[in-house]
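Step one of this worksheet: look at the structure below.
In our numbering, the protein residues as written are 3 to 189.
Here it is as structure tokens:
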């Protein structure tokens with residue numbers, strides 16, 4: 003379905019804790035720049051749709067490093083796949099937007115890196131550098147995350163302890179439970 007139709011069909015009094023914006027379906031760079039301008043956001047923290055289990059602690063540390071180092075662009079690396087994030091200054095997004103105005107840019111980091119003067123790479127603590135994948139791109143990812151949910155929230159027996167380090171299971175249990183309870187309690 004067309005996102006604009008979905009957004010426009012929502013009643014204005016819908017109990018959503020966020021504002022919605024749409025546009026530029028072919029270019030995430032244009033869409034993100036438009037949204038940042040529209041909401042007056044600077045810097046912009048980007049957590050993509052395929053990272054539902056991002057770690058708030060890593061984002062806080064990345065943001066602190068961004069404020070201290072003052073780069074145009076900062077990102078987490080290395081990190082367990084699915085737990086990272088990026089931060090852009092609005093000025094660097096504007097610069098990339100101007101350079102690629104006539105192009106449909108899907109890979110925002112590449113566009114930003116091509117115009118950035120200073121890039122900062124935040125090295126995650128070793129506990130977040132596991133060689134596992136916690137992303138949501140493929141049906142297998144959904145199956146794994148569903149199993150993690152069943153294990154963490156429903157306490158179903160699972161062989162996950164054999165595949166995942168205990169601290170990752172603990173993070174998932176804590177994060178999933180707190181996210182679930184905070185979202186359920188709103189309604």
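Cβ atoms here follow ideal geometry from the backbone N, Cα and C, with glycine treated the same way.
Check, Outcome
"Just verifying my parser: in three-state terms, what is the DSSP assignment at residue 61?", "helix"
"Three Cβ pairs or more, each shorter than 8 Å: is that satisfied between the stretch 81 to 95 and the stretch 57 to 71?", "yes"
"For residue 188, which of helix, strand or coil comes out of DSSP?", "Low confidence applies to residue 188: its pLDDT is 37, below 50, so where it sits in the model is not reliable, and the reading given next is rough at best. Correct three-state label for residue 188: coil."
"Any beta carbon of chain D sitting closer than 8 Å to that of residue 41?", "The chain labelled as chain D is not found in the depicted structure, where only one protein chain is given."
"Three-state secondary structure (DSSP) at residue 76?", "strand"
"Can you tell me whether residue 28 is helix, strand or coil according to DSSP?", "coil"
"Which residues in the same chain as residue 73 place their Cβ atom closer than 7 Å to its Cβ, once the five residues preceding and following it in sequence are excluded?", "120, 121, 122"
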